[in-house]
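Participant: Please see the structure below; I have some questions.
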Amino acid sequence: MMVVLLLGKDSHAWCSAVLLTGIDSYSVPARGYFGKESWPGRSSVMRILLTVDDSENSHRAVSYVGSLLRQTPDVSLTLFHVLKPMPRKLMEHGGSENPVIEGRLGAQLRDDQDTWYRAERESECRVLTKAQATLEKAGFDTSRVALKFGHEEDVARNILEEAAAGKYETIVMGRHGSSGIKHIFGGGVTDQVLRDAQDFAIWVV
């Protein structure tokens, strides 16, 4: 079952932590951890996945949600930003029949991929920290906010996989984006999530 509703600090430390990791996706709370070590299973805390990008519509959606829920207890938000897909040239190397050369090519490819991910996380970190600041300005307690990257060529699938893995009850998305890039708030992604989501409440802001 899916329910669809149509609704009208520590940032630098978090970015530093992201850049020091070698993993593709990293998540830490802004302050504290909602009083729990983890979120096993469904709990009394309502867990919301708030998808964000760098569009003005995303900013408005974050501000709206922050204002709407700032006095609502037992709500936690995860700001989720999907990085752009890795360039095709970094997906594989040409290969070699020589095992030694093949090993070197593979190692170089992994280094190039790590370098690309690091640069992307550094460049896109501001999207999440800006959204966090918007929530704080709206009066939402940022000790209940987590920041997380995803990366997948299929953005909608990445959002749904994250929602399922993180056991979120609600996904918040925008109607349409204001930028020329069809990203999270570009309409197409929202439509795909609405079509494919199961067992989630979807807030379309």
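First residue of the sequence shown: 3, per the working numbering; consecutive thereafter.
No residue lacks a Cβ here, since even glycine has one placed at the ideal position from N, Cα and C.
Expressed to the nearest angstrom, what Euclidean distance is found between the alpha-carbon atoms of residue 173 and residue 100?
Facilitator: 49 Å
Participant: Indicate whether the contact test is met: 3 or more Cβ pairs, each with one atom in the stretch 71-89 and one in the stretch 192-204, closer than 8 Å.
Facilitator: The stretch 71-89 is not in contact with the stretch 192-204.
Participant: Give me the Cα-Cα distance between residue 73 and residue 142, rounded to the nearest whole angstrom.
Facilitator: 8 Å
Participant: Quick check: what's the CA-CA separation for residue 193 versus residue 55?
Facilitator: Taking the straight line joining both Cα atoms gives about 16 Å.
Participant: In this structure, does DSSP put residue 47 in helix, strand or coil?
Facilitator: coil
Participant: Hey, how far is the Cα of residue 31 from the Cα of residue 145?
Facilitator: With a pLDDT of 40 at residue 31, under the threshold of 50, the modelled position of that residue is not reliable, and no figure is offered here.
Participant: Which ranges would you report for the alpha helix (DSSP H) in the stretch 46-100 if only whole runs of at least 4 residues count?
Facilitator: 58-71
Participant: At the level of alpha carbons, what is the spacing between residue 110 and residue 89?
Facilitator: 15 Å
Participant: State the start and end residues of the unbroken alpha helix (DSSP H) segment that holds residue 157.
Facilitator: 157-167
Participant: So for residue 191, helix, strand or coil by DSSP?
Facilitator: helix
Participant: In the DSSP assignment, find the unbroken beta strand (DSSP E) run with residue 151 in it and report its ends.
Facilitator: 147-153
Participant: Using C-beta distances below 6 Å, list every residue in its chain close to residue 51, excluding the 5 sequence neighbours before and after it, in chain order.
Facilitator: 80, 82, 165, 170, 173
Participant: Short of 6 Å in beta carbon distance, which residues of its chain neighbour residue 68, apart from the five on each side in sequence? Order them along the chain.
Facilitator: 137, 140, 142
Participant: Identify, in the order they occur along the chain, each residue of the same chain with its Cβ nearer than 6 Å to the Cβ of residue 9, setting aside the five sequence neighbours on each side.
Facilitator: In this prediction, residue 9 has a pLDDT of 49, which is less than 50 and means its spatial position is unreliable; what the coordinates show is noted afterwards. Here the set comprises 205, 207.
Participant: Please return the same chain residues whose Cβ sits closer than 6 Å to the Cβ of residue 95, not counting the five positions on each side in sequence.
Facilitator: 107, 111
Participant: DSSP state of residue 133, grouped into three classes?
Facilitator: Here residue 133 sits in helix by DSSP.
Participant: Given a cut-off of 8 Å, decide if residue 87 and residue 155 are closer than it, judged by their beta-carbon atoms.
Facilitator: Result yes, Cβ atoms of residue 155 and residue 87 sit closer than 8 Å.
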